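Below is one structure; the comments refer to it alone.
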Amino acid sequence: MSRGLGLDLGRANVRFAALDSKKGVTTLTRYRSVELDSGESPQEVASEVFGPLKPRPSGVRVGATGADIMLRYLPVPEVEDWRLERLMDFEVRELESRSGSGLATSYNLLPVPRELDDEDTMLLGVIREDLLDGWVQDLSPVQVGGFTPNAVALYNAYLALGDHESSVTLLANVGAGTLDLALVRGTELYFARSVSTSLEKRDETLARSLGIDAKRAQGLIHQHLDLSIAEGQRVSTDADRVTRPLLSLYASMPPLLSGIITLCKAQARLRELSLDRVLLTGGGAKAKGLVQMLTARLRVPVSIWNPADMIDPSKLPEDEFEQLEQDGPASAIALGLALSAADGSLYALEILSSSARKARDFRERGVFAVVAGALAAAYLVLNYFQTSSAADDARLEAQRLGGLVRTSQASHGQATAMVEEIEQQAVLLQDLEMRYALQAASIETLAFLEQGLPSNLWVHGVSTELRDGKDWGMEGKSVPILRVVGRGEDASVSARKAFNDFAESISSQLPSGEEAARPSTRQVGQQIEWILEMHLLDTSHSLVEGGESEGEEGN
């Protein structure tokens with residue numbers, strides 16, 4: 049059985065969830081939800097309310113959203129894990145050099161299909177280290193295990209508790225000023241993003257419109273807000289008075305949701321992708337009329353998804369069960385964070401503060417060195433007492449072995465340097481061979497042009513270049529191309545026929561035959577402009593060798 053704790057630091061509420069997961073059954077053991085007063089810090093309230101809980105929360109997975117978290121999408125080649133780690137380390141160092149501050153990061157591959165290229169897509173989560181360290185300090189005595197983007201937590205909640213319908217589904221957690229989004233197809237995550245929205249100004253906007261304080265405005269919104277007015281439906285006078293000043297804040301939500309498809313196609317490099325449905329979670333999802341407004345404007349089915357319905361609450365105290373029932377879909381992020389901590393098979397994107405990273409490095413690496421050192425010391429002490437007469441021999445043997453270790457380390461360093469130098473020389477050799485082949489093939493082809501070009505055709509220019517082999521039937525290779533441009537005019541033989549005969553003749557002498565040449569013509573006044581493109585290398589024979597042997601037979 050695995051246990052996970054999640055903490056959702058919302059702008060209007062902080063929510064804490066603890067659960068046990070065993071053999072596919074998830075049981076909720078604690079759930080607390082606390083509403084924030086205006087100006088209160090979510091971290092400080094969470095520390096004050098959840099810190100005294102028994103047992104004290106430890107290893108808590110905390111959510112990050114809005115402008116606090118940056119999610120980047122990077123195309124990466126399919127390479128070994130150690131090369132991928134070096135590539136991501138370089139990317140992080142570049143980000144740090146531009147930001148001027150330390151960054152806490154985590155990354156994982158996205159399971160999106162390859163459509164436009166052969167590269168994978170890496171999701172990189174970035175938060176400033178000083179921001180994380182400040183949160184960890186403010187949350188004490190709650191012990192933080194790590195941080196996960198709310199959008200990823202939402203996806204993990206859907207993985208563990210969702211219906212996994214094989215359609216393109218947009219999960220949208222509507223918070224008080226933030227919107228956490230996860231675009232999925234079946235069980236695969238295509239795109240995740242957290243953004244700040246204008247809904248954070250909802251209370252003060254209504255307060256300013258009605259000339260009341262923000263607290264009273266919040267109560268009126270909870271009681272009378274009805275967004276069905278946006279679709280022309282008639283509502284009560286109180287609902288109209290409360291809702292109309294806020295319509296502009298909600299009007300930006302449909303374009304933002306529909307724009308996720310465009311962003312996903314660009315970031316994940318996909319050709320075809322269309323939205324099939326939207327599932328709403330979060331406290332803001334319960335706003336009256338929101339589902340109808342989004343359904344009308346997005347033109348896809350929109351519904352509210354409550355993951356709490358799919359979890360066993362039987363171990364909750366009665367008061368905590370009532371809080372869970374009251375929150376409903378607003379519990380999605382807290383549950384997703386707890387599931388992310390409990391289930392290692394879910395999508396992993398855990399960002400660690402500097403203190404947590406040092407502690408984990410020690411647990412995973414340092415503790416073994418400490419245990420090994422302690423065992424070695426115990427053995428040496430015991431061995432000294434039992435075989436004191438052999439102490440000098442043991443010391444000399446240790447010195448000898450130490451010398452061997454140092455020699456081996458020096459040899460390893462030299463070997464590594466030699467391997468790197470060999471790789472560099474191999475790249476240089478390949479480049480020189482390519483250049484030589486280009487030069488030799490160009491000279492041979494020019495000689496053929498001089499001897500075999502019909503009298504009513506002439507050459508304007510000759511150039512060589514490297515092109516993508518995919519266009520020439522050689523996937524994954526760079527192909528050297530010789531491009532000859534010229535003109536011709538009609539004589540005893542028409543210029544077009546003379547060029548076609550010439551192109552056929554030279555094509556027959558290429559290693560790959562007609563597949564290696566691409567002739568084309570166009571009419572320019574009384575003349576024709578002709579172009580002949582040929583690839584110069586072959587897997588078994590070079591253009592030079594092929595041209596010589598077959599050219600001699602033709603002559």
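Residues 49 to 603, numbered by the numbering used here, are exactly what the sequence shown covers, in order. Even for Gly, the Cβ is constructed at its ideal location relative to N, Cα and C. Please read these numbers as outputs of a predicted model, since none were measured by experiment.
Report task. Keeping to the same chain, check which residues put their C-beta closer than 6 Å to that of A382; ignore five residues upstream and five downstream. Result -> G54, D56, R63 and A65
Query raised in the report: How about A356 and S86: are their beta carbons less than 7 Å apart?
Result: no
Query raised in the report: At a cut of 8 Å, does the region 265-272 reach the region 295-307 through at least three beta carbon pairs?
Result: no
Requested in this report: Spatial neighbours of E177 within its chain, please: CB distance less than 8 Å, with the 5 preceding and 5 following residues excluded, ordered by chain position.
Outcome: S149, G150, L151, A152, S401 and S402
Report task. Please name the residue or residues paired with Y79 in a DSSP beta bridge. Result -> A65
**Report entry** the region 206-217 in contact with the region 125-141 per 3-pair CB rule at 8 Å
**Finding:** no
**Report entry** Whether V510 touches W520 by CB criterion (7 Å)
**Finding:** no
Report task. Could you pull the start and end residues of the alpha helix (DSSP H) that I269 belongs to? Result -> A262 to H272
Query raised in the report: Looking at the unbroken beta strand (DSSP E) that takes in P197, where does it start and where does it end?
Result: V192 to P197
Query raised in the report: Quick one: what does DSSP say G52 is sitting in, helix, strand or coil?
Result: strand
**Report entry** Where the alpha helix (DSSP H) through A396 begins and ends
**Finding:** A396 -> no alpha helix (DSSP H), and no H or E assigned at all.
Query - Alpha-carbon to alpha-carbon, G194 and R80 - result: 20 Å
Requested in this report: Answer yes or no: do K397 and N156 have a C-beta to C-beta separation smaller than 7 Å?
Outcome: What sits at residue 397 in the sequence shown is Leu, not Lys. It is a contact, given that the beta carbons lie within the stated cut-off.
**Report entry** Pairwise C-alpha distance: V222 and G331
**Finding:** 6 Å
**Report entry** Helix, strand or coil at E598 [DSSP, three-state]
**Finding:** The pLDDT assigned to E598 is 40, lower than 50, so where the model puts this residue is not dependable, and the model offers no usable value.
Query - the region 249-259 in contact with the region 310-325 per 3-pair CB rule at 8 Å - result: no
Query raised in the report: Mind checking whether V555 and A546 have CB atoms under 7 Å apart?
Result: According to the sequence displayed, residue 555 carries Ser and not Val. In this structure, A546 does not lie closer than 7 Å to S555 by Cβ.
Query raised in the report: Taking C-beta to C-beta, are Y203 and L229 nearer than 7 Å?
Result: no
Requested in this report: Compare the C-alpha of D360 against each of A60, G52 and S69 and name the closest.
Outcome: S69
Report task. Over the uninterrupted beta strand (DSSP E) stretch that includes G173, give me the two end residues. Result -> D168 to R176
Query raised in the report: The alpha helix (DSSP H) with E236 in it runs from where to where?
Result: It is not in any alpha helix (DSSP H) - E236 instead sits in the beta strand (DSSP E) that spans E236 to S244.
Query raised in the report: Can you pull the DSSP bridge partners for S568?
Result: I579
Query raised in the report: According to DSSP, is P302 helix, strand or coil?
Result: helix
Query raised in the report: In angstroms, rounded to a whole number, what distance separates the CA positions of L342 and L67?
Result: 33 Å
Query raised in the report: Where does P559 sit, in a helix, a strand or coil, going by DSSP?
Result: coil
Report task. Kindly indicate the opening and closing residues of the beta strand (DSSP E) around L10. Result -> Here the chain covers residues 49 to 603 and nothing more, so residue 10 does not appear.
Report task. Would you please state the rounded distance, in angstroms, between the beta carbons of L231 and I175? I believe it to be under 8 Å. Result -> Contact doesn't hold; Cβ gap of about 22 Å is too wide.
Query raised in the report: Which whole runs of the alpha helix (DSSP H) in the region 86-145 are 4 residues long or more, in chain order?
Result: 90-98
Report task. Specify the secondary structure class of K70 as computed by DSSP and reduced to three states. Result -> strand
Requested in this report: Quick one: give me the first and last residue of the alpha helix (DSSP H) that D367 is part of.
Outcome: E366 to D375
Query raised in the report: Which word fits R109, buried or exposed, when buried means at least 16 other C-beta atoms lie within 10 angstroms of its C-beta?
Result: buried
**Report entry** Three-way DSSP call (helix, strand, coil) for R59 in this model
**Finding:** coil
Query raised in the report: Can you name, in chain order, every residue of its own chain whose Cβ lies under 7 Å from the Cβ of K10, other than the five neighbours on each side?
Result: Since the first and last residues shown for the chain are 49 and 603, residue 10 lies out of range.
Query raised in the report: Just the Cα atoms here: how many angstroms apart are W183 and H460?
Result: 44 Å
Query raised in the report: For I359, does the three-state DSSP call read helix, strand or coil?
Result: coil
Requested in this report: Express the C-alpha separation of Q185 and D375 in angstroms, rounding to a whole number.
Outcome: 28 Å
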